[in-house]
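Here's the structure, in structure tokens; my notes come after.
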Amino acid sequence: MVTAEDSNGAKQLTIAVEFSGGLEMLFSDQRRHSLALPAVDKDGRASNIGFLIDHLCQHVMRDTRRELFVLGGHLRPGILVLINDADWELEGEEEYELRPGDNVLFVSTLHGG
Amino acid sequence: MVTAEDSNGAKQLTIAVEFSGGLEMLFSDQRRHSLALPAVDKDGRASNIGFLIDHLCQHVMRDTRRELFVLGGHLRPGILVLINDADWELEGEEEYELRPGDNVLFVSTLHGG
Amino acid sequence: SKPWPWPLQHHEYQRYGRQMIVPGFGLQAQLRLKNSRVLVVGAGGLGCPAAAYLAGAGVGVLGLVDADQVEVSNLHRQVAHSTGRVGMSKVLSAIAYLRELNPTITYKSHQEHLSAANAEAVVSQYDLVLDCTDHPTSRYLVSDACVLLGRPLVSASAFQTSGQLILLNSPPGRGPCYRCLFPRPPPPESVVGCGEGGVLGPVVGVMGVLQALQAIELIAKGGLEPAEGESEAREQRMLIFSAVADGPSFRSVRMRGRRKDCFACSDEAGLTLEHLETSVDYVQFCGVAKPVALL
Amino acid sequence: SKPWPWPLQHHEYQRYGRQMIVPGFGLQAQLRLKNSRVLVVGAGGLGCPAAAYLAGAGVGVLGLVDADQVEVSNLHRQVAHSTGRVGMSKVLSAIAYLRELNPTITYKSHQEHLSAANAEAVVSQYDLVLDCTDHPTSRYLVSDACVLLGRPLVSASAFQTSGQLILLNSPPGRGPCYRCLFPRPPPPESVVGCGEGGVLGPVVGVMGVLQALQAIELIAKGGLEPAEGESEAREQRMLIFSAVADGPSFRSVRMRGRRKDCFACSDEAGLTLEHLETSVDYVQFCGVAKPVALL
Ligand SMILES: [Zn+2]
Ligand SMILES: [Zn+2]
Numbered sequence: 192m193v194t195a196e197d198s199n200g201a202k203q204l205t206i207a208v209e210f211s212g213g214l215e216m217l218f219s220d221q222r223r224h225s226l227a228l229p230a231v232d233k234d235g236r237a238s239n240i241g242f243l244i245d246h247l248c249q250h251v252m253r254d255t256r257r258e259l260f261v262l263g264g265h266l267r268p269g270i271l272v273l274i275n276d277a278d279w280e281l282e283g284e285e286e287y288e289l290r291p292g293d294n295v296l297f298v299s300t301l302h303g304g
Numbered sequence: 192m193v194t195a196e197d198s199n200g201a202k203q204l205t206i207a208v209e210f211s212g213g214l215e216m217l218f219s220d221q222r223r224h225s226l227a228l229p230a231v232d233k234d235g236r237a238s239n240i241g242f243l244i245d246h247l248c249q250h251v252m253r254d255t256r257r258e259l260f261v262l263g264g265h266l267r268p269g270i271l272v273l274i275n276d277a278d279w280e281l282e283g284e285e286e287y288e289l290r291p292g293d294n295v296l297f298v299s300t301l302h303g304g
Numbered sequence: 094s095k096p097w098p099w100p101l102q103h104h105e106y107q108r109y110g111r112q113m114i115v116p117g118f119g120l121q122a123q124l125r126l127k128n129s130r131v132l133v134v135g136a137g138g139l140g141c142p143a144a145a146y147l148a149g150a151g152v153g154v155l156g157l158v159d160a161d162q163v164e165v166s167n168l169h170r171q172v173a174h175s176t177g178r179v180g181m182s183k184v185l186s187a188i189a190y191l192r193e194l195n196p197t198i199t200y201k202s203h204q205e206h207l208s209a210a211n212a213e214a215v216v217s218q219y220d221l222v223l224d225c226t227d228h229p230t231s232r233y234l235v236s237d238a239c240v241l242l243g244r245p246l247v248s249a250s251a252f253q254t255s256g257q258l259i260l261l262n263s264p265p266g267r268g269p270c271y272r273c274l275f276p277r278p279p280p281p282e283s284v285v286g287c288g289e290g291g292v293l294g295p296v297v298g299v300m301g302v303l304q305a306l307q308a309i310e311l312i313a314k315g316g317l318e319p320a321e322g323e324s325e326a327r328e329q330r331m332l333i334f335s336a337v338a339d340g341p342s343f344r345s346v347r348m349r350g351r352r353k354d355c356f357a358c359s360d361e362a363g364l365t366l367e368h369l370e371t372s373v374d375y376v377q378f379c380g381v382a383k384p385v386a387l388l
Numbered sequence: 094s095k096p097w098p099w100p101l102q103h104h105e106y107q108r109y110g111r112q113m114i115v116p117g118f119g120l121q122a123q124l125r126l127k128n129s130r131v132l133v134v135g136a137g138g139l140g141c142p143a144a145a146y147l148a149g150a151g152v153g154v155l156g157l158v159d160a161d162q163v164e165v166s167n168l169h170r171q172v173a174h175s176t177g178r179v180g181m182s183k184v185l186s187a188i189a190y191l192r193e194l195n196p197t198i199t200y201k202s203h204q205e206h207l208s209a210a211n212a213e214a215v216v217s218q219y220d221l222v223l224d225c226t227d228h229p230t231s232r233y234l235v236s237d238a239c240v241l242l243g244r245p246l247v248s249a250s251a252f253q254t255s256g257q258l259i260l261l262n263s264p265p266g267r268g269p270c271y272r273c274l275f276p277r278p279p280p281p282e283s284v285v286g287c288g289e290g291g292v293l294g295p296v297v298g299v300m301g302v303l304q305a306l307q308a309i310e311l312i313a314k315g316g317l318e319p320a321e322g323e324s325e326a327r328e329q330r331m332l333i334f335s336a337v338a339d340g341p342s343f344r345s346v347r348m349r350g351r352r353k354d355c356f357a358c359s360d361e362a363g364l365t366l367e368h369l370e371t372s373v374d375y376v377q378f379c380g381v382a383k384p385v386a387l388l
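Protein chains in written order, with my numbering: chain C, 192 to 304; chain Z, 192 to 304; chain V, 94 to 388; chain X, 94 to 388.
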């Protein structure tokens with residue numbers, strides 16, 4: 192549970208982000224990332240999941256195939272988001288405000304059999 | 192994480208105790224028990240796992256086959272104790288001092304195949 | 094001679110004795126299994142182990158649906174088939190294996206793809222369905238058919254080193270359906286099956302065995318019998334599996350319940366059996382991928 | 094004609110292609126599997142599914158040890174056997190099934206109980222061992238033999254609705270052995286096998302498939318090759334499985350490492366191959382139960 196400040200003195204929060212079901216290949220084949228995020232966005236609102244998705248696209252994803260993660264400004268269909276092991280639909284989806292120590296898991300739904 | 196007092200004003204601590212691998216049948220077929228224990232034993236020492244094992248035998252076990260749980264004053268061979276998902280041998284075994292909210296899992300080692 | 098006075102035949106006590114003595118199982122669970130009719134949709138990497146353990150446990154009727162033939166490239170994971178049966182219908186190949194394991198139950202073969210046209214005719218013959226298919230189009234179709242016919246659905250999937258398992262529409266009309274969880278299909282470019290993306294045999298194997306376990310437990314505890322009163326759907330959980338470098342990793346996550354405006358299962362749902370048969374185009378709903386499929 | 098220029102035969106690319114394309118697997122992992130010799134001790138509820146997925150994945154040599162014959166009461170869970178093979182040696186019955194699944198690898202049958210007298214001769218023919226047995230005496234014996242011969246051991250067990258899985262002696266001489274975790278055997282009165290206490294088929298099935306997965310992953314990542322330098326034992330974890338009423342439950346727990354005074358694997362250990370063969374009485378060590386076995 193970490194809240195810290197970055198070099199400019201802005202408040203940060205540290206969360207764990209995990210990828211599974213094949214999504215890890217968009218993020219340098221790394222399943223687990225520890226991320227320090229600004230605690231508030233540029234408009235001064237608490238950072239939420241929408242902000243995190245944006246941050247992942249801009250600062251973490253190396254793969255150029257962004258459309259496999261976001262489509263039309265939102266997460267693409269077929270990706271589950273689990274906030275501390277609960278479906279994000281139980282937690283407010285993109286509006287959920289991140290707390291230090293949160294675990295956010297992005298899982299591609301699988302169809303193989 | 193609960194610390195409370197019983198009706199005599201003695202400090203109590205509440206922990207979760209689980210049984211698995213067949214041991215649950217010694218404890219009314221109930222896998223998960225929430226237990227309120229005295230925070231210190233009768234000699235004023237912090238309650239430890241040894242105390243818990245004693246307490247389970249005296250107050251929780253209904254089955255008369257005590258020898259399937261303790262032998263010669265100690266836990267019988269073939270039972271694993273996991274304190275917050277770690278082998279009790281990593282935590283001090285019987286001497287581990289219980290903290291509120293601890294999870295203690297007793298698992299019978301299995302041999303079937 | 095006197096009539097046999099016991100509810101199971103002698104050979105059944107012999108065959109199923111080792112599961113009947115498991116605490117909480119017993120004769121009643123065995124009779125429920127015997128009276129159950131279970132449909133396995135897909136006789137591939139999930140369907141093979143799932144069907145093996147369902148047949149072993151003694152369900153009354155076990156049906157398999159699949160239009161494909163056995164290929165050599167299936168055999169690292171599709172363990173009910175055999176090298177000698179390459180080219181044979183997967184359904185018949187699997188049933189050949191299952192009959193050797195347990196010749197005392199009834200098998201039904203459906204050598205066709207489950208489709209909007211035949212879904213009602215096939216699914217209505219069974220009490221419980223396992224989705225062991227490998228494409229979103231069939232996953233939506235199987236779910237819709239189960240919703241419309243009131244059948245619980247044990248759904249699993251696997252890909253590369255990952256797997257997922259969830260119990261849907263259970264009890265029927267109470268638990269969420271596949272569309273409640275995934276109202277919009279994934280873009281076709283993001284859909285890759287085990288044939289193109291690969292899968293480790295025991296990864297899909299574990300998920301198939303867990304499907305059989307979930308089905309057996311649901312049947313054993315009376316989950317197919319009409320519920321008394323308004324039984325609540327249990328907390329909805331999905332099991333997520335990853336075979337990571339340092340060993341197997343399982344995670345049970347909490348999922349949402351039914352969606353009030355679900356196209357398939359909500360009170361205002363537009364979906365009917367007639368509609369399903371005549372006008373739902375699952376291929377169009379899920380789209381068709383451009384040539385290069387990537388994830 | 095030119096010599097075949099590829100490291101695997103054409104039919105091997107066909108058969109194993111779907112696992113070779115899994116990211117992180119590839120040709121090197123397939124060649125490692127092909128060069129590996131794996132021993133499955135016990136052709137029962139764990140050994141059947143474990144052997145199926147090992148054979149499917151293409152290990153080079155697959156050995157099975159078991160002295161028992163197939164019985165009808167095995168068939169709800171021992172899915173490599175068949176009703177027509179009741180009475181046949183379990184090892185031969187399982188190999189009959191495995192050969193149909195994958196006739197391109199080498200099978201070795203050992204129709205005998207693993208014993209102190211034959212353990213060295215049998216285990217030394219393999220690189221990796223799976224303990225799929227059903228009694229503490231054999232679990233201590235298999236572990237001791239693996240320690241003395243430097244073989245990693247994938248150990249699993251199941252009973253009623255529970256299962257356990259752990260990787261032992263890996264890398265050899267670094268990870269803990271069975272005696273490190275359980276220096277004293279359970280009192281014989283507390284030991285009940287699946288025959289007497291029962292087990293659900295898919296419960297033991299899941300554990301057997303996970304054993305195959307653990308073995309395949311260890312081989313694929315080069316875990317059988319001599320480690321460079323003093324490679325540390327990874328964090329030791331045991332997977333604990335329960336089939337509880339509301340679905341499958343897995344828990345991964347942290348275990349202790351090697352025991353400094355372990356009778357088998359410590360630097361001062363008294364155990365030698367000669368000692369094992371001539372003077373370790375595993376039955377006496379584990380004791381003999383009084384007639385009523387209870388837990
Ligand atoms: Zn729905
Ligand atoms: Zn040791």
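By construction, the Cβ of each residue, glycine as well, lies at the ideal position given by its N, Cα and C atoms.
This structure is a prediction, so every number in the text was calculated from the model and none was measured.
Per-residue DSSP class, three states only, for Glu282 (chain C): coil
Please compile the residues from chain D whose C-beta is within a distance smaller than 7 Å of the C-beta of Ala277 (chain C). You won't find chain D in this structure, because its protein chains are C, Z, V and X.
Within chain Z, partners of Gln257 (chain X) - CB distance below 8 Å: Gly212, Val298, Thr300 and Leu301
Excluding sequence positions up to five away, which residues of its chain have a Cβ less than 8 Å from the Cβ of Ala153 (chain V)? Per the sequence presented here, residue 153 (chain V) reads as Gly, with Ala not at that position. Around Gly153 (chain V): Leu126, Lys127, Asn128, Ser129, Arg130, Ile198 and Thr199.
Beta-carbon proximity check, Arg347 (chain V) vs Asp278 (chain C), cutoff 8 Å: yes
Inter-stretch contact at 8 Å, needing at least 3 Cβ pairs: the segment 242-251 of chain V / the segment 96-114 of chain X: no
If you follow the beta strand (DSSP E) that Arg330 (chain V) is in, where does it begin and where does it stop? Arg330 to Val337
Length of the line joining the Cα atoms of His246 (chain C) and Leu271 (chain C): Straight across, the Cα-Cα distance linking His246 (chain C) with Leu271 (chain C) is about 18 Å.
Consider the Cβ of Ser335 (chain V): report whether some Cβ of chain C lies at a distance smaller than 8 Å. By this cut-off, Ser335 (chain V) is an interface position.
Out of curiosity, what's the CA-to-CA distance linking Val179 (chain V) and Glu205 (chain V)? Rounded to the nearest angstrom, the two C-alpha atoms are 18 Å apart.
Segment contact flag, the segment 156-176 of chain V with the segment 328-341 of chain V, C-beta cutoff 8 Å, min 3 pairs: no
Residue range of the beta strand (DSSP E) that Leu155 (chain V) falls in? That run of the beta strand (DSSP E) goes Val154 to Val158.
Out of X:Tyr190, X:Arg330 and X:Pro264, state which residue places its alpha-carbon closest to the alpha-carbon of Asp220 (chain X). The option with the nearest alpha carbon to Asp220 (chain X) is X:Pro264.
Mind listing the chain V neighbours of Glu193 (chain X)? Cutoff is C-beta to C-beta under 7 Å, in chain order. Ser175, Thr176 and Gly177
Do Gln112 (chain X) and Leu293 (chain V) have their CB atoms nearer than 8 Å? Yes, they are a contact pair.
Looking at the secondary structure, which residues open and close the beta strand (DSSP E) in which Lys201 (chain X) lies? Thr199 to His203
For a contact meaning CB atoms closer than 9 Å, what does Gln112 (chain X) contact in chain V? Simply His169, Arg170, Gly291, Val292, Leu293 and Gly294.
So is Gln121 (chain X) buried or exposed if we call it buried at 16+ other beta carbons inside 10 Å? exposed
In chain order, what residues of the same chain have a beta carbon less than 7 Å from the beta carbon of Asn211 (chain X), not counting five sequence neighbours either side? Glu205
If you run the structure through DSSP and keep just helix, strand and coil, what is Gln304 (chain V)? helix
I want to verify the contact list: residues of chain X whose CB lies under 8 Å from the CB of Pro229 (chain Z), in sequence order. Think of a sphere of 8 Å around the beta carbon of Pro229 (chain Z): no beta carbon from chain X falls inside it, the nearest being about 27 Å out.
How would you label Gln377 (chain V), buried or exposed, when you count the other beta carbons within 10 angstroms and need 16 or more for buried? exposed
Would you identify the three-state DSSP class for Val295 (chain C), choosing helix, strand or coil? strand
Looking at chain X, is there any beta carbon in it that lies within less than 8 Å of the beta carbon of His233 (chain V)? Residue 233 (chain V) is actually Tyr in this sequence, not His. Judged by the 8 Å Cβ criterion, Tyr233 (chain V) is not in contact with chain X.
Tell me whether His103 (chain V) sits in a helix, a strand or coil according to DSSP, three-state version. helix
Can you find a C-beta in chain X that's less than 8 Å from the C-beta of Arg267 (chain Z)? yes
Is any non-hydrogen atom of ligand 2 found closer than 7 Å to the C-beta of Cys239 (chain X), if you look at the structure I gave you? no
Closer than 8 Å, Cβ to any Cβ of chain C: which residues of the segment 236-269 of chain V, in chain order? For the segment 236-269 of chain V, residues whose beta-carbon sits nearer than 8 Å to a beta-carbon of chain C comprise Ala249, Ser250, Ala251, Phe252, Gln253, Ser255, Gly256 and Gln257.
Same chain only: Cβ atoms within 7 Å of Ala308 (chain X), ignoring 5 sequence neighbours per side: Hits under 7 Å: Val131, Leu147, Leu221, Leu223 and Val247.
Residues of its chain near Val163 (chain V), where Cβ-Cβ distance is below 6 Å and the 5 sequence neighbours each way are ignored: His174, Arg178, Val179, Met181, Lys183 and Ser186
Suppose the cutoff is 6 Å on Cβ atoms and the five residues either side in sequence are ignored; what does the same chain contact list for Val193 (chain Z) look like? Low local confidence applies: a pLDDT of 44 at Val193 (chain Z) is under 50, so the model's placement there is unreliable, with the coordinate-based value given in what follows. Thr205 and Pro291, listed in sequence order.
Pro229 (chain V): CB within 7 Å of a non-hydrogen atom of ligand 1: no
So if I measure from each beta-carbon to every heavy atom of ligand 2 and keep distances below 7 Å, which residues remain? In chain order, the hits are X:Val240, X:Pro269, X:Cys270, X:Arg272, X:Cys273, X:Arg351, X:Arg352, X:Cys355, X:Ala357, X:Cys358 and X:Ser359.
Say whether chain Z places a C-beta atom closer than 8 Å to the C-beta of Pro229 (chain X). Chain Z contact via Cβ: present.
Could you confirm whether any beta carbon from chain X is found closer than 8 Å to the beta carbon of Arg290 (chain Z)? no
Does the segment 298-315 of chain V come close enough to the segment 257-272 of chain V that 3 or more CB-CB pairs lie under 8 Å? yes
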